[in-house]
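Here the protein sequences come in this chain order: R and D.
For the first sequence, the tail end lands on 405 under our numbering, and the numbers increase by one without skipping.
For the second sequence, the tail end lands on 405 under our numbering, and the numbers increase by one without skipping.
There are 2 protein chains.
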Amino acid sequence: MLKVLKFGGTSVGTLERIQNVANIIKDIRDEGHDVIAVVSAMSGETNKLIEYAESFSKTPVPNEIDMLLSSGERVTSALLSIALNEQGYKTTSMSGREAGIVTDNAHTRARIESIDTNNMKNAIADGKIIVVAGFQGVTEDTQRVSTLGRGGSDLTAVAIAGAIHADVCEIYTDVDGIYTTDPRIEPKAKKLDKISYDEMLELASLGAKVLQNRSVEMAKKLNVNLVSRSSFTPEVEGTLITKEENIMEKPVVSGIALDKNQVRVGMYGVTDRPGMAAGIFTSLANANINVDMIVQTVAVDGKTSLDFTIPTTDWEICKTVMNTFKDDIEKVDYNEKICKVSIVGVGMKSHTGVASKAFSALASENINIRIISTSEIKVSMIIEEKYAELAVRALHEAYNLDK
Amino acid sequence: MLKVLKFGGTSVGTLERIQNVANIIKDIRDEGHDVIAVVSAMSGETNKLIEYAESFSKTPVPNEIDMLLSSGERVTSALLSIALNEQGYKTTSMSGREAGIVTDNAHTRARIESIDTNNMKNAIADGKIIVVAGFQGVTEDTQRVSTLGRGGSDLTAVAIAGAIHADVCEIYTDVDGIYTTDPRIEPKAKKLDKISYDEMLELASLGAKVLQNRSVEMAKKLNVNLVSRSSFTPEVEGTLITKEENIMEKPVVSGIALDKNQVRVGMYGVTDRPGMAAGIFTSLANANINVDMIVQTVAVDGKTSLDFTIPTTDWEICKTVMNTFKDDIEKVDYNEKICKVSIVGVGMKSHTGVASKAFSALASENINIRIISTSEIKVSMIIEEKYAELAVRALHEAYNLDK
Numbered sequence: 003m004l005k006v007l008k009f010g011g012t013s014v015g016t017l018e019r020i021q022n023v024a025n026i027i028k029d030i031r032d033e034g035h036d037v038i039a040v041v042s043a044m045s046g047e048t049n050k051l052i053e054y055a056e057s058f059s060k061t062p063v064p065n066e067i068d069m070l071l072s073s074g075e076r077v078t079s080a081l082l083s084i085a086l087n088e089q090g091y092k093t094t095s096m097s098g099r100e101a102g103i104v105t106d107n108a109h110t111r112a113r114i115e116s117i118d119t120n121n122m123k124n125a126i127a128d129g130k131i132i133v134v135a136g137f138q139g140v141t142e143d144t145q146r147v148s149t150l151g152r153g154g155s156d157l158t159a160v161a162i163a164g165a166i167h168a169d170v171c172e173i174y175t176d177v178d179g180i181y182t183t184d185p186r187i188e189p190k191a192k193k194l195d196k197i198s199y200d201e202m203l204e205l206a207s208l209g210a211k212v213l214q215n216r217s218v219e220m221a222k223k224l225n226v227n228l229v230s231r232s233s234f235t236p237e238v239e240g241t242l243i244t245k246e247e248n249i250m251e252k253p254v255v256s257g258i259a260l261d262k263n264q265v266r267v268g269m270y271g272v273t274d275r276p277g278m279a280a281g282i283f284t285s286l287a288n289a290n291i292n293v294d295m296i297v298q299t300v301a302v303d304g305k306t307s308l309d310f311t312i313p314t315t316d317w318e319i320c321k322t323v324m325n326t327f328k329d330d331i332e333k334v335d336y337n338e339k340i341c342k343v344s345i346v347g348v349g350m351k352s353h354t355g356v357a358s359k360a361f362s363a364l365a366s367e368n369i370n371i372r373i374i375s376t377s378e379i380k381v382s383m384i385i386e387e388k389y390a391e392l393a394v395r396a397l398h399e400a401y402n403l404d405k
Numbered sequence: 003m004l005k006v007l008k009f010g011g012t013s014v015g016t017l018e019r020i021q022n023v024a025n026i027i028k029d030i031r032d033e034g035h036d037v038i039a040v041v042s043a044m045s046g047e048t049n050k051l052i053e054y055a056e057s058f059s060k061t062p063v064p065n066e067i068d069m070l071l072s073s074g075e076r077v078t079s080a081l082l083s084i085a086l087n088e089q090g091y092k093t094t095s096m097s098g099r100e101a102g103i104v105t106d107n108a109h110t111r112a113r114i115e116s117i118d119t120n121n122m123k124n125a126i127a128d129g130k131i132i133v134v135a136g137f138q139g140v141t142e143d144t145q146r147v148s149t150l151g152r153g154g155s156d157l158t159a160v161a162i163a164g165a166i167h168a169d170v171c172e173i174y175t176d177v178d179g180i181y182t183t184d185p186r187i188e189p190k191a192k193k194l195d196k197i198s199y200d201e202m203l204e205l206a207s208l209g210a211k212v213l214q215n216r217s218v219e220m221a222k223k224l225n226v227n228l229v230s231r232s233s234f235t236p237e238v239e240g241t242l243i244t245k246e247e248n249i250m251e252k253p254v255v256s257g258i259a260l261d262k263n264q265v266r267v268g269m270y271g272v273t274d275r276p277g278m279a280a281g282i283f284t285s286l287a288n289a290n291i292n293v294d295m296i297v298q299t300v301a302v303d304g305k306t307s308l309d310f311t312i313p314t315t316d317w318e319i320c321k322t323v324m325n326t327f328k329d330d331i332e333k334v335d336y337n338e339k340i341c342k343v344s345i346v347g348v349g350m351k352s353h354t355g356v357a358s359k360a361f362s363a364l365a366s367e368n369i370n371i372r373i374i375s376t377s378e379i380k381v382s383m384i385i386e387e388k389y390a391e392l393a394v395r396a397l398h399e400a401y402n403l404d405k
């Protein structure tokens, strides 16, 4: 098999941990697999370099930031290559440029445009383990080093796996897979063997932090089998994120997600005329505010009410936008003491009564549901924040996720 | 004027010092000059990375060492570019690759083979200050990053200055120029305004540590006007190292050098047959031992004596080589309590009696000379180490260098 393995900043955070990663790769290589490892900078390095840059400028030039930050991954890739070479393996580090990764010109948040896999294919044909400096590429027209922004090393790994038709892309972090819910909240949470891309996307956007949506989306698009596993317990199998067709037994509910970083915005006495709501939400979208759940109540006396939720980080900007509508809205209030619990599962598509079981479970704990929104594979509910953990445990039990 | 400026590890050792370097460049730019700055890694960074590598392997793969170490200069070049940009200047960092520097394949000690100056010329035409990551290039055939070894950033600066026909190449260190002798030994030492390449080469090889011979040799070959000056006192003019023809008034003696890292090797009762001495010195050369001064005494009874000096660092290897000749040498002894004082000056070529003045000066201080060697522009003398400083001061005064 050809395996792409990605090791994040925590997994390569110290020299001892880099040695540990070398041992993981060694074991996989000894099983007869070809290996392309993608590495992040040692944890702390990137932040240190950003601090350096910001000591000179509040708005450092993006292409220089990329020159600066890309050095961190280069260091890790060289060190890991040296460690593997010392154990008798043929290895080569590769910068993003050497790995053939071409991006657009959006420095510090570049998008991968293409990957020329020739260099990597030749190295593999030579029997080499490749260690790619993640998070970076080179711009097509200026040929300058570029970086991919948050989660860039995961993206590098997935994009390479897709381009070179790897059998699997394993993302190593400090967590050994995807759980039915956060084990710190529900100790009975179980690690999932498999989960579909769509479920993973919902879980990630709902607060599960193991994998970022950008990489899961790319894995889905490129049809890459993704595995989430831990470099600290490499003997544990991890969770396979794959396409729905590959999952034989589709659970009705795969997981419970909790997101406490939500604010409910209530708008009362909104002028009820055509285009009013559209105008408000267009303004919010233009301000890059991620509006999530929306409820509109029926108009009374030419006035209506609108409720929606936003991430806590968008709160301040939201207030500014709301202000521009003060002639058309009688009152706006905000409630940050809420949270969103969600149930996610591809089986919902073909089962009825899934949502009502959730409502009953919460009702039996006397938890009031303030807003509900559903998609094909998800039901999200806004409740009071103080009930967050209780709700997660109640739902976990209701869907027998500990079995 | 087009100026190439090189700033070493100490000059960019902290964020404050990088800001200081930005200010120096700013002042030069404001005078209307085009600037290419070449920078080293922040002091300590390279050693830290080497330690990291050696924690994995006693003999880390050279091309990975280059991938690793080259990151240090990239960081400095990006930071300096950010600092200059913040002050309103158009800037761009450049890796060795971007600066067009192509080397041979001798990773960790590569030689520059060619420089394609197009990228730099375009940037200058765009009105940009260029900040080149020193010490590195890219190999011609594998296109991998390579490093130039000790003094590599100086070499980068000189080679660029030669290739792009810069008017001057200024090497900034923590010393403000070349002195008639080490001011810590002779406080009356004077900074030289000008010195020829050959004198500089002799002084450097005799222990003056400001500039390395590799860069001075390249400057001589490419006819680059080199200036040694300090980034800590940029208002001080520094010393111009240039070709002899550019120096109108040629002093008989320009400087006094002292080298304490010498061992005298005495071989007694050496079989006096043809090729004997040649065999010994060929073996020493094959072991990369830098044999300096050699004296052979006349043969008596088919036996001869040979005295020579080597750098202290070569002492152990020298012993091994000597052992292989034990059948032909009766006795070998070593004396490390010696030193070499030298007088250097292009004026010696056309003056007589220069050396005898040195011998008299030492004799009047009762200092015995053990070995003497001379070249066109240099007289070196081996004396007992305890007289080192006294000898330097005596010679400094004898040639009126404090005037």
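A virtual CB, placed ideally from N, CA and C, is assigned to each residue, including glycine.
- Assigned with DSSP and collapsed to three states, M122(D) falls in helix.
- If you look at I249(R), you'll find it isn't in any alpha helix (DSSP H); DSSP assigns it neither H nor E.
- Q264(D) counts as buried, since at least 16 other C-beta atoms from the protein chains shown sit within 10 angstroms of its C-beta.
- By the Cβ test, the region 288-302 of chain R is not in contact with the region 349-362 of chain R, since fewer than three Cβ pairs between them sit closer than 8 Å.
- Exclusion of the five residues before and after L203(D) leaves N215, V218, E219 and K222 as the residues of its chain whose Cβ lies within less than 8 Å of its Cβ.
- If one requires a minimum length of 3 residues, the beta strand (DSSP E) runs lying completely within the region 23-83 of chain D are 36-41, in chain order.
- Interface annotation, L81(R): in contact with chain D, CB-CB separation under 8 Å.
- Distance check between A127(D) and each of S57(D), N402(D), V381(D) and V37(D) places V37(D) closest, using alpha-carbon atoms only.
- Segment contact: the region 75-91 of chain D against the region 56-70 of chain R, three or more CB-CB distances shorter than 8 Å; contact assigned.
- With fewer than 16 other Cβ atoms from the protein chains shown falling within 10 Å of its own Cβ, E115(R) counts as exposed.
- Residue pairing of I319(R) in beta bridges, as defined by DSSP: absent, with no partner found.
- Rounded to whole angstroms, the gap between the alpha carbons of G268(D) and I374(D) is 15 Å.
- Secondary structure note for K342(R): its beta strand (DSSP E) is the uninterrupted segment I340 to V346.
- Scanning chain R for C-beta atoms nearer than 7 Å to the C-beta of P62(D) yields I84, reported in chain order.
- Residue burial annotation: G34(R) is exposed, with fewer than 16 other C-beta atoms found within 10 angstroms of its C-beta.
- In the structure shown, I385(D) adopts extended strand secondary structure according to DSSP, grouped into three states.
- Secondary structure note for E204(D): its alpha helix (DSSP H) is the uninterrupted segment Y199 to S207.
- When C-beta distances to chain R are compared with 7 Å, the residues of the region 53-78 of chain D below that value are Y54, A55, S57, F58, S59, P62, V63, E66, M69, L70, S73, R76 and V77, in chain order.
- Using a 10 angstroms sphere on the CB of Q138(R), the tally of other CB atoms reaches 16 or more, which defines it as buried.
- The criterion of a C-beta distance shorter than 8 Å is not satisfied by N292(R) and P276(R).
- For S232(R) and T175(R), the gap between their C-alpha atoms comes out near 5 Å.
- DSSP lists V343(D) as the beta-bridge partner residues of L260(D).
- Sorting K262(D), S358(D), N225(D) and V334(D) by C-alpha distance to the C-alpha of I243(D) places N225(D) at the top.
- Within the same chain, I371 come within 7 Å of F361(R) by CB-CB distance, once the 5 residues on both sides are set aside.
- Under the three-state reduction of DSSP output, F310(R) falls in the strand class.
- The C-alpha of D195(R) is placed about 15 Å away from the C-alpha of P236(R).
- Going by DSSP, V356(R) is part of the alpha helix (DSSP H) stretching over V356 to A365.
- Per DSSP, T299(D) is one residue of the beta strand (DSSP E) stretching across I296 to V302.
- For N87(D), the C-beta contacts it makes with chain R under 9 Å involve F58, S59, P62, V63 and E66, in order along the chain.
- For the pair G179(D) and I132(R), the Cα-to-Cα distance works out to about 47 Å.
- Of all residues in the region 19-30 of chain D, those with a C-beta nearer than 9 Å to a C-beta of chain R are I20, Q21 and A24, reading in chain order.
- None of the residues of the region 353-365 of chain R has a beta carbon lying less than 7 Å from any beta carbon of chain D.
- Between L51(D) and chain R, the shortest Cβ-Cβ separation is below 8 Å.
- Under the Cβ criterion (8 Å, minimum of three pairs), the region 324-341 of chain R counts as touching the region 386-398 of chain R.
- In its chain, beyond the 5 residues on either side, D274 have a beta carbon closer than 6 Å to the beta carbon of G304(D).
- For M3(R), the number of other beta carbons within 10 angstroms of its own is below 16, and it is reported as exposed.
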